[in-house]
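**Student:** For the record, the sequence lines run as chains A and B.
Following our numbering, the numbering of the first sequence begins with 3 at its first residue and continues without gaps.
Following our numbering, the numbering of the second sequence begins with 278 at its first residue and continues without gaps.
Think of the CB as a built atom: it goes at the ideal place given N, C-alpha and C, for glycine as much as any other residue.
Here the structure is a predicted model, which is why all the values come from computation and not from measurement.
Handing you a structure now.
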Amino acid sequence: MVRTSLLFLLAALLCLPWADLQISTLDPWLELSRLGWGLLTPLPPSTPTLLDALANTLAFALQGVALGAVAGFWLALFYRWQWVRTLAAFIRSIHELFWALLFVQLVGLSSVAGVLAIAIPYAGTFAKIYGELFEEVDPAALEALPAGTSRLSAFFFTVLPPAWPHLLTYTRYRLECGIRSSAVLGFIGLPTVGFHLETALKQGMYSEAAALFYALVLVIVTLHLWMRRQLLPLYLLLALWWLPPAAQVNPTLVWQFFTVDIVPAPLRAGWDGAALWLWLQALWLKQIGPGLANTVVLGLIALVATSGVTLLTFPLVSRLFGNIFTRSTGHVFLVLMRSAPEYLLAFVGLLLWGPSMLPAIVALGLHNGAIIAHLVGHYSNELNLREDAVTGFNRYFYEVLPRVYRTFLAFTLYRFEILLRESAILGILGIPTLGFFIDSAFSEFRFDRALLLLLVTALLNMAVDMIARHLRRRLQLSTHPEDL
Amino acid sequence: MKSARKRVTACGRILLSFLLVTCSTFLSAQTFTFTAIPDQDETRLTERFGRVATYLSQQLGTEVRYIPVKSYPAAVAAFRNDQVQLAWFGGLTGVQARNLVPGSEAIAQGAEDTAFKTYFIAHSSTGLKAGDAFPAAIAGKSFTFGSKGSTSGRLMPEFFVREHFKKAPEQIFSRVGFSGDHSRTIALVQSGAYDVGVLNYTVWDEELKLGKIDTSKVSVIWTTPTYPDYQWSIRGDVDSKWGAGFKQKVQKALLEMKDPKLLEAFPRSAFVPAQNSDYAPIEDTAVSLGIMDEIM
């Protein structure tokens, strides 16, 4: 385990010379103090705007996650088939923002675009987690069934019931993610909280931005209070009533999209191998190569930053350290960082420090570190130390860290895939990762390039997912996926 | 076990209702809708274009709505998907949009747009001074464009920069960024985040008039030669939806817009007729810079 950790640390250090970490604003402290003042003096925009944005955020999240859960459930039933697993891995490896950029082209800026953008990648994740939950069910009951029991009955009576509670817990956790995703979709134009947040932040109206952010955090942290299973159908109906599925589908355009727009430009007039080769070569040199390199560099450094944040902050919420005051402060900090989408944190960082990888690393590290620190902190609360155990630094390094390290590493490797997905997407904000070039391709209406770059992004994420899974298996790290 | 079955049927019911609703994608009776590329301070755009919508409703005798969008490509996508039938585009976005929507036409441009200009601006710490010749001393500085799809904030300045240095911007400047819009370009150069920036001259002149620019920190160092820019583009199929002659009616309403309060939304002194061929130079430049492919 130590070797793996050091290997990652070394890899990140080797990446450092290629990472652009410059602060290019002349006076970042002035802007930071204005932001701090804004956070202390939240001032909501008009109440109807705020409520409307929150309702939209929830409606997109509920519909998207519900649709994703149902589709994921069906996929999970066939999870033993390799092609279903590959399909699920593929659709979840493309970030919801990229799906949204794609659907906006196909069905316009509409409710369907937003809902599908969330539903599709979430279906891939649900398929994986549900599928793994079904596989983990104790087979004793299944084996005890009389011969001739139909597969369907066997599934519904022996597999589903024991997996059901985990399935529900996980689904609720994903709803929390869905609310964050929905908020972030506002940054590209859907009418959620992010829409107003982007405007407020860009215009430097930090008090207004703070109010919107707090409202979002409030909705997320109170989720367990208002999200009751019995009320779910009601919420879904309300979501459908508030945001009825509508789309601007133009069959000619959709047909053209699939038959012309996404066909590589040199092939549109007929097969031309040489031209295609030149096209691929130019794209590789100018966009795919640099984009891939920057995405991996950012992802690796962010992984180490995430680990650093985790190891530094989990004691803040652990009963083994500090007092009630430090723990409450720690909880508030971690909740704020957990609820803030990486994309939002990076957006703020870029405003403060200018466009380099630094804000992206800080954003990814803070958000993901806070999530893992929360889990590791929880885990450490279950440790039983001797009455006369040492305290302070010695307790941290000799008593607690060795005991939680396995759990910490498992969770961190679990987030690796997510970190890379996010590294790609932060390109939209101007850091030259794959997302930067995908955004350029969309703004030049070159869907052939956009699609190729999206495929590269997907393959990279699938590869990282495989590496992380392999490492977890080799180090015999078991994590319950539903915990994350 | 019984409750598990109940839950499963509940799942099925939800799935069914989703299928039903998703299939019945309804399209409401269409309202004539327009948008504008979000090239400056958004809060102001919404307020000002709301007034333009009211004016057009009165002139056209039909309901007219303005919808705000977040980015240049989103404006073009909305035009392409018929979510908006009329749009205030920049030179480049207009060419892109009209290529994507056969039959669409440029019908009016601002009086200023026949000879539009880009300002190169610089932070005072660079020591760069205003002059008539291309400011070759910007090489090695950090540099920001506006939106990737902007004509005055990207296409034309990139053209002039490449023409002078015979190199790509990334090879000339220490850092190349895309601020997103013209107001933001001013803010970034004024704060020193970038040494040099390029933007739409009308946005600069207007913000200067409003006292929003600290001229001790940022100033104009060069003005480009002129080129055609912003225009109103309309979809070709509007006559079939709102009646014959509707396109002419829209064009007339735009050309007759005289109220300074309405015109300041753009900001333009008046609108004059325009046609697609006015923008051929923009298309040629976009193709030569590799931002667009040649249309076959």
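In whole angstroms, what separates the C-alpha of B/D316 from that of A/W76?
**Tutor:** By one-based count along the second sequence, residue 316 of chain B stands at place 39. By one-based count along the first sequence, residue 76 of chain A stands at place 74. Cα-Cα distance, rounded: 45 Å.
**Student:** Spell out whether any CB of chain A is found under 8 Å from the CB atom of B/R325.
**Tutor:** The residue given as residue 325 of chain B occupies position 48 in the second sequence. No, no contact with chain A.
**Student:** Ignoring anything shorter than 3 residues, give me the beta strand (DSSP E) runs that lie fully in the stretch 461-548 of chain B, in order along the chain.
**Tutor:** Taken in chain order, the unbroken stretches of beta strand (DSSP E) that lie wholly in the stretch 461-548 of chain B and span 3 residues or more are 473-477, 495-500 and 508-511.
**Student:** Could you work out which residues of chain B lie near A/S48, taking near to mean beta carbons separated by less than 8 Å?
**Tutor:** Position 46 of the first sequence, counted from the start, is the residue given in the question as residue 48 of chain A. Simply none; closest approach about 12 Å.
**Student:** A/P19 CB to nearest chain B CB: under 8 Å?
**Tutor:** Within the first sequence, residue 19 of chain A is the residue found at index 17, counting from 1. So, not an interface residue.
**Student:** Which same chain residues end up closer than 6 Å to A/F413 when comparing Cβ atoms and leaving out the 5 residues on each side of it in sequence?
**Tutor:** The residue you call residue 413 of chain A lines up with position 411 of the first sequence. Excluding residues up to 5 positions away in sequence, I374 and L377 lie with their Cβ nearer than 6 Å to the Cβ of A/F413 in the same chain.
**Student:** Measure the alpha-carbon distance for A/Y381 versus A/L313 and round it to whole angstroms.
**Tutor:** To locate residue 381 of chain A, count along the first sequence from 1; it is residue 379. To locate residue 313 of chain A, count along the first sequence from 1; it is residue 311. A/Y381 and A/L313: Cα-Cα distance of roughly 13 Å.
**Student:** For chain A, is any of its Cβ atoms less than 8 Å away from the one on B/I248?
**Tutor:** Outside the displayed range of chain B (278 to 573) lies residue 248 of chain B, so it cannot be described from this structure.
**Student:** With DSSP run on the structure shown, which of helix, strand or coil describes A/H97?
**Tutor:** By one-based count along the first sequence, residue 97 of chain A stands at place 95. Looking at A/H97 - three-state DSSP - the assignment turns out to be coil, as it is neither helix nor strand.
**Student:** Using CA atoms only, rank isn't needed, just tell me which of A/S155, A/L144 and A/E138 is closest to A/L169.
**Tutor:** Within the first sequence, numbered from 1, the residue matching residue 169 of chain A stands at position 167. For the residues A/S155, A/L144 and A/E138, the minimum Cα distance to A/L169 belongs to A/E138.
**Student:** What are the residues that DSSP puts in a beta bridge with A/L302?
**Tutor:** Stepping through the first sequence from its first residue, residue 302 of chain A is reached at position 300. The partner list for A/L302 (beta bridge, DSSP) is empty, contrary to what the question assumes.
**Student:** Distance check for A/P164 and A/L236, CA to CA, integer angstroms please.
**Tutor:** In the first sequence, residue 236 of chain A corresponds to position 234, counting from 1. In the first sequence, residue 164 of chain A corresponds to position 162, counting from 1. A/L236 and A/P164: Cα-Cα distance of roughly 26 Å.
**Student:** What did DSSP end up calling B/E382 once you bin it into helix, strand or coil?
**Tutor:** Reading the second sequence from its first residue, position 105 is the one you call residue 382 of chain B. Three-state DSSP puts B/E382 in a strand.
**Student:** Please indicate yes or no: does the CB of A/V251 lie closer than 7 Å to some heavy atom of the ligand SAM?
**Tutor:** Among the components modelled here there is no ligand, and therefore nothing to report on the ligand SAM.
**Student:** Which chain B residues sit within Cβ distance under 7 Å of A/Q205?
**Tutor:** Counting from one through the first sequence, the residue named residue 205 of chain A turns up at place 203. Within chain B, the residues near A/Q205 are D318 and T320.
**Student:** Any chance you could list the alpha helix (DSSP H) runs of at least 4 consecutive residues sitting entirely within the stretch 301-347 of chain B, in chain order?
**Tutor:** Complete alpha helix (DSSP H) runs here, min 4: 319-337.
**Student:** Do the stretch 387-400 of chain B and the stretch 272-289 of chain A make contact, defined as three or more Cβ pairs closer than 8 Å?
**Tutor:** Between the stretch 387-400 of chain B and the stretch 272-289 of chain A there are fewer than three inter-stretch CB-CB distances shorter than 8 Å, so the stretches are not counted as touching.
**Student:** Is the CB of B/T299 under 8 Å away from at least one CB in chain A?
**Tutor:** For the purposes of this step, residue 299 of chain B is taken as the residue at position 22 of the second sequence. The pLDDT assigned to B/T299 is 39, lower than 50, so where the model puts this residue is not dependable; a value taken from the coordinates is nonetheless given after this. So, interface residue.
**Student:** Please state if the CB of A/G40 and the CB of A/A267 are separated by a distance shorter than 8 Å.
**Tutor:** Counting from one through the first sequence, the residue named residue 267 of chain A turns up at place 265. Counting from one through the first sequence, the residue named residue 40 of chain A turns up at place 38. In this structure, A/G40 does not lie closer than 8 Å to A/A267 by Cβ.
**Student:** For A/A68, I'd like the list of residues in its chain whose CB is within less than 7 Å of its CB, leaving aside the five on either flank, ordered along the chain.
**Tutor:** Stepping through the first sequence from its first residue, residue 68 of chain A is reached at position 66. L238, listed in sequence order.
**Student:** Would you say B/P350 faces chain A, with C-beta separation under 8 Å as the test?
**Tutor:** Within the second sequence, residue 350 of chain B is the residue found at index 73, counting from 1. It does; some Cβ of chain A falls within 8 Å.
**Student:** Give the DSSP bridge partners of A/I120, in chain order.
**Tutor:** Position 118 of the first sequence, counted from the start, is the residue given in the question as residue 120 of chain A. BP columns for A/I120 are empty, so no partner.
**Student:** Once DSSP output is grouped into helix, strand and coil, what is the label at B/W365?
**Tutor:** Position 88 of the second sequence, counted from the start, is the residue given in the question as residue 365 of chain B. Here B/W365 sits in strand by DSSP.
**Student:** Please check the pair A/G66 and A/A121, which I expect to be a contact at CB under 8 Å, by giving their CB distance rounded to whole angstroms.
**Tutor:** For the purposes of this step, residue 66 of chain A is taken as residue 64 along the first sequence, with counting starting at 1. For the purposes of this step, residue 121 of chain A is taken as residue 119 along the first sequence, with counting starting at 1. Indeed, because the Cβ distance is near 5 Å, the residues count as touching under 8 Å.
**Student:** Checking the sheet assignment: what are the DSSP bridge partners for B/Y396?
**Tutor:** The residue you call residue 396 of chain B lines up with position 119 of the second sequence. Residue pairing of B/Y396 in beta bridges, as defined by DSSP: B/L476 and B/T500.
**Student:** Taking Cβ positions, are A/L203 and A/F349 nearer each other than 8 Å?
**Tutor:** Locating residue 203 of chain A in the first sequence gives position 201, where the first residue counts as 1. Locating residue 349 of chain A in the first sequence gives position 347, where the first residue counts as 1. The answer is yes: Cβ separation under 8 Å.
**Student:** Would you mind giving the Cβ-Cβ distance between B/L369 and B/T462, rounded to the nearest angstrom? I have them listed as a contact below 8 Å.
**Tutor:** On the second sequence, residue 369 of chain B is found 92 positions in, with the first residue counted as 1. On the second sequence, residue 462 of chain B is found 185 positions in, with the first residue counted as 1. Going by Cβ atoms, the distance from B/L369 to B/T462 rounds to 16 Å, so no, they are not a contact pair.
**Student:** Determine the closest residue to A/F105 out of B/A388, B/L363, B/G367 and B/A355, with distance taken between C-alpha atoms.
**Tutor:** Indexing the first sequence from 1 puts residue 105 of chain A at position 103. Ranking B/A388, B/L363, B/G367 and B/A355 by Cα distance to A/F105 puts B/A355 first.
**Student:** So, do the stretch 85-103 of chain A and the stretch 218-238 of chain A have three or more beta carbon pairs nearer to each other than 8 Å?
**Tutor:** no
**Student:** Quick one: which chain A residues come within Cβ less than 7 Å of B/Q373?
**Tutor:** As a first step, residue 373 of chain B must be located in the second sequence, where it is residue number 96. B/Q373 reaches chain A at F447, counting residues in chain order whose Cβ is nearer than 7 Å.
**Student:** Short of 6 Å in beta carbon distance, which residues of its chain neighbour A/K130, apart from the five on each side in sequence? Order them along the chain.
**Tutor:** For the purposes of this step, residue 130 of chain A is taken as residue 128 along the first sequence, with counting starting at 1. Taken in chain order, the residues that qualify are A90.
**Student:** B/A385 and B/D472 look like a contact to me (Cβ under 8 Å); what is the Cβ gap, rounded to whole Å?
**Tutor:** Residue mapping note: residue 385 of chain B aligns to position 108 of the second sequence, counting from 1. Residue mapping note: residue 472 of chain B aligns to position 195 of the second sequence, counting from 1. B/A385 to B/D472, Cβ: 37 Å. No contact.
**Student:** At a CB-CB cut-off below 8 Å, which residues of chain A make contact with B/K347?
**Tutor:** On the second sequence, residue 347 of chain B is found 70 positions in, with the first residue counted as 1. Simply F189, I190, G191, F197 and E200.
**Student:** Against chain A, with Cβ distances strictly below 8 Å, would B/Q360 count as a contact?
**Tutor:** As a first step, residue 360 of chain B is located in the second sequence; it is residue number 83 there, counting from the start. Yes, because at least one Cβ of chain A sits closer than 8 Å to the Cβ of B/Q360.
**Student:** Let's test the definition: count the other Cβ atoms within 10 Å of the Cβ of B/K538 and tell me whether it reaches 16, buried, or not, exposed.
**Tutor:** Here residue 538 of chain B is taken as the residue at index 261 of the second sequence, counted from 1. B/K538 should be labelled exposed.
**Student:** Mind reading off the beta-carbon distance from A/L52 to A/L214? Whole number of angstroms is fine, and I expect it under 8 Å.
**Tutor:** As a working mapping, residue 52 of chain A is identified with position 50 in the first sequence. As a working mapping, residue 214 of chain A is identified with position 212 in the first sequence. At roughly 7 Å, the Cβ-Cβ gap stays under 8 Å, so A/L52 and A/L214 are in contact.
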